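S.K.:
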């Protein structure tokens, strides 16, 4: 991001009451903290707030719903949004159809009115039953074109049946997807509806259906019904019993992975199966370790479809049992673990359907303990470069991988891509200075093959994967501005993050202009970053971006510029409207620069986007004399007074009283701008 060179022709006006943003989460009692002397904060104290959130609200899907595609990196539902409890149809519909993310807990029986009503769920929602009490009666849910990142979990959806067994007049499904993507349907009991229990139609994709009980219905589960071979779907650990057809029927699915499902047609009942798993059209199906008991025509396929069978078990079945063609390797898309087919009756009777406590995902409980990879320049580790270790992390890894880096200076570029979550990069030296990852690209540095890197592309370390951690090391960009005056754009990023749940703990991030870029995967995506017990060093806009970011219990060190002058800006937030921006709390701002030479921040409206609402709050922080008495300033024609900039409880030579040019939060406003409000249900912990 450049310093302002021209004035924009548009401004926005907003009441200053916009400073009071957000609703406080449940907070713990005050605590006292002591930090190492290298931070210069020995004996500091402050109130630490943590949010109480259900453990399951942090769960994310496995299977194809976990795969990064269509601009969505996995399926995590309303995580990061407010948690609300509903007991009425009006409230359920209100929150399920809202634009913003919600975790919606259904705490009783909700009857649809009229019968057959399907609530039109919008993106970024988790809808989950409270224990086994969450029942939806006489209707269900509809996810339309483009709806994405939805979890439907731990519910009983039942009884829209209209008295006609093969009902062709009523389309009263439990869950219907028409053009949706990244959907996780997990631990539900779906039964006795007036059409299908689940329909995945109109090129819906990146769907995982897991640990459900599907029963007492004519049509269980239909997939496809377009000419396009597009849908990617994972169906595992479902107990399908007393259903006649579509168990499932899978039409023109590009990748259909079915494993560890138990299909049961019990003798002596009124319901008789017509067929089990059906691969239709151009479907490519992999069918593994499933159990078919008493089912007629357990596996059938069209002539143009493929079914690859492995490890399945058949008991009392009759009719067609077919396989053939070539399909795909599911493990090239995501990891998974197979149960033995013979164990499925016990496993699914104990584990499928709504649970009193759903706990963590099955994938998480089966995941291996954290894997450790070692990096050492001298060849004493598994890898000589950090990037080589990152490359060795499997795509869509379900468990943490810790990359330990032995002391040394690693001059390389490192990128952790979006499909490699749960990675920790950790120095093993006695000090965070012992292990350094460094490079010297700037925004204007020519790229091999033409063009320049741009600001984001200049980063020494780029993190695009959720749940990333770094600790006990230095990340630096040592681009030499003085020696490269021929390069116009000298922004040089040390660390760029564009992910959620990033924990930077006990590190040094060092550069000059644009040192630490805290971004999100896209403008409409949440990206929370927690920087703790760390140093951030720079001079111009060196903590910037649109993430919801906390710099806590840290030291912000101000540097002179390449020509020896003292002038700069600490933060440049580009926060999206209705998001939280940058919070600096319980920290110290210092450095060998002139008094009154640095601003706390200015509003970065990236690309001249007037819809943005930049925010920086600096609170309970020791400000050196380097901070200007009027600590906020305009940028590129946008006035800081039209955005969200404020202080609270700061002290030191650079602190000052409230004025029109130095707004302070009231006590009431400050109560809504705690660390826990920023983290929104995420409690960072070292791993």
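In our numbering, the protein residues as written are 1 to 687. From the three backbone atoms N, C-alpha and C, an ideal C-beta is built for every residue, glycine too. Note that this is a predicted model, so its numbers are computed, not measured.
Which of the three DSSP states, helix, strand or coil, is assigned to residue 456?
M.R.: In the structure shown, residue 456 sits in a helix (DSSP, three-state: H, G or I).
S.K.: Are the C-beta of residue 233 and some C-beta of chain E separated by less than 8 angstroms?
M.R.: Note that chain E does not occur in the displayed structure, where there is just one protein chain.
S.K.: What does a CB cutoff of less than 6 angstroms around residue 140 pick up in its chain, not counting 5 residues either side in sequence?
M.R.: 118, 157, 173, 174, 175.
S.K.: Distance check for residue 319 and residue 115, CA to CA, integer angstroms please.
M.R.: Whole-angstrom Cα-Cα distance: 38 angstroms.
S.K.: Does residue 735 pass the burial test, meaning 16 or more other C-beta atoms within 10 Å, or should it be called exposed?
M.R.: Any question about residue 735 goes unanswered here, given that the chain covers just 1 to 687.
S.K.: Quick one: residues in its chain with C-beta nearer than 7 angstroms to the C-beta of residue 487, no 5 flanking neighbours on either side, listed in chain order?
M.R.: Result list for residue 487: 442, 444, 445, in chain order.
S.K.: Measuring straight from C-alpha to C-alpha, what distance separates residue 694 and residue 571?
M.R.: The structure shown has nothing for residue 694, since the chain only spans 1 to 687.
S.K.: Can you tell me which of 601, 76, 63, 221 puts its alpha carbon nearest to the alpha carbon of residue 467?
M.R.: It is 76 whose Cα lies nearest to the Cα of residue 467.
S.K.: Is it the case that the Cβ atoms of residue 210 and residue 237 are separated by a distance below 8 angstroms?
M.R.: Yes.
S.K.: Specify, as a first and last residue, the run of the alpha helix (DSSP H) that residue 711 falls within.
M.R.: No information on residue 711 is available, as it lies outside the stretch 1 to 687 that the chain covers here.
S.K.: As an exercise, report each continuous alpha helix (DSSP H) stretch of at least 4 residues that is fully enclosed by the region 321–397, in chain order.
M.R.: Counting only runs of 4 or more, we get 344–351, 362–366, 386–392.
S.K.: I'd like to confirm something about residue 120: is its beta-carbon nearer than 7 angstroms to some heavy atom of the ligand ADP, or not?
M.R.: This structure lacks the ligand ADP; in fact it carries no ligand of any kind.
S.K.: What residues in its chain sit with their C-beta under 6 angstroms from that of residue 662, if we drop five residues either side in the sequence?
M.R.: The answer, listed in chain order, is 656.
S.K.: Measure the C-alpha to C-alpha separation of residue 648 and residue 344 and round it to an integer number of angstroms.
M.R.: The straight-line gap from Cα to Cα measures roughly 58 angstroms.
S.K.: Under the assumption that residue 566 contacts residue 593 (Cβ atoms under 8 angstroms), give the Cβ distance between them as a whole number of angstroms.
M.R.: Residue 566 to residue 593, Cβ: 4 angstroms. Contact.
S.K.: Could I get the ranges of all uninterrupted alpha helix (DSSP H) runs contained in the region 70–114, with 4 residues as the minimum, in chain order?
M.R.: Listed in chain order, they are 89–96.
S.K.: Would you identify the three-state DSSP class for residue 606, choosing helix, strand or coil?
M.R.: Residue 606: helix per DSSP, three-state reduction.
S.K.: Go ahead and label residue 278 buried or exposed: buried means 16 or more other beta carbons lie within 10 angstroms of its beta carbon, across all protein chains shown.
M.R.: It is buried - the Cβ of residue 278 has at least 16 other Cβ atoms within 10 Å.
S.K.: What are the boundary residues of the alpha helix (DSSP H) that includes residue 677?
M.R.: Residue 677 -> alpha helix (DSSP H) spans 675–679.
S.K.: Report the option in 620, 112, 280 whose CA atom is closest to the CA atom of residue 231.
M.R.: The option with the nearest alpha carbon to residue 231 is 280.
S.K.: What would DSSP say about residue 542, mapped onto helix, strand or coil?
M.R.: Of the three classes helix, strand and coil, the one that applies to residue 542 here is strand, per DSSP.
S.K.: Look at the alpha carbon of residue 471 and the alpha carbon of residue 399, and state the distance between them as a whole number of angstroms.
M.R.: Each residue's Cα considered, the two are about 18 angstroms apart.
S.K.: Between residue 221 and residue 246, is the Cβ-Cβ spacing less than 8 angstroms?
M.R.: Cβ atoms of residue 221 and residue 246: closer than 8 angstroms.
S.K.: For a test of the three-state rule: what should DSSP assign to residue 484, helix, strand or coil?
M.R.: In the structure shown, residue 484 sits in a helix (DSSP, three-state: H, G or I).
S.K.: Short check: CB of residue 348 to CB of residue 239, under 8 angstroms?
M.R.: Contact flag set, yes.
S.K.: What distance in whole Å lies between the Cβ atoms of residue 591 and residue 628, which are believed to be in contact at a cut-off of 8 angstroms?
M.R.: Contact flag wrong, Cβ pair sits at about 14 angstroms.
S.K.: Cβ of residue 134 within 8 angstroms of Cβ of residue 90?
M.R.: Cβ distance not < 8 angstroms, so residue 134 and residue 90 don't count as in contact.
S.K.: Is residue 684 helix, strand or coil by DSSP?
M.R.: In this structure, residue 684 counts as coil in the three-state DSSP scheme.
S.K.: Go to residue 669, then tell me how far its alpha helix (DSSP H) extends in each direction, as first and last residue.
M.R.: Counting along the chain, the alpha helix (DSSP H) containing residue 669 begins and ends at 667–671.
S.K.: Just reading off the beta strand (DSSP E) that residue 632 is part of, what are its end residues?
M.R.: It is not in any beta strand (DSSP E) - residue 632 carries neither H nor E in the DSSP assignment.
S.K.: Residue 674 to residue 249, Cα distance in whole Å?
M.R.: So the alpha carbons of these two residues sit roughly 51 angstroms apart.
S.K.: Helix, strand or coil, according to DSSP, for residue 316 in the structure here?
M.R.: In this structure, residue 316 counts as coil in the three-state DSSP scheme.
S.K.: Could you tell me whether the region 406–420 touches the region 450–457, where touching means 3 or more Cβ pairs closer than 8 angstroms?
M.R.: Flag = no, the region 406–420 and the region 450–457 do not touch.
S.K.: Contact between the region 293–310 and the region 319–328: three or more CB pairs below 8 angstroms?
M.R.: Yes: at least three Cβ pairs fall under 8 angstroms.
S.K.: Within the same chain, show all residues whose beta-carbon is closer than 7 angstroms to that of residue 689, passing over the 5 residues directly before and after it, in chain order.
M.R.: Only positions 1 to 687 of the chain appear in this structure, which leaves residue 689 out of reach.
S.K.: Within 10 Å of its beta-carbon, does residue 165 have 16 or more other beta-carbons around it, so buried, or fewer, so exposed?
M.R.: It is exposed - the Cβ of residue 165 has fewer than 16 other Cβ atoms within 10 Å.
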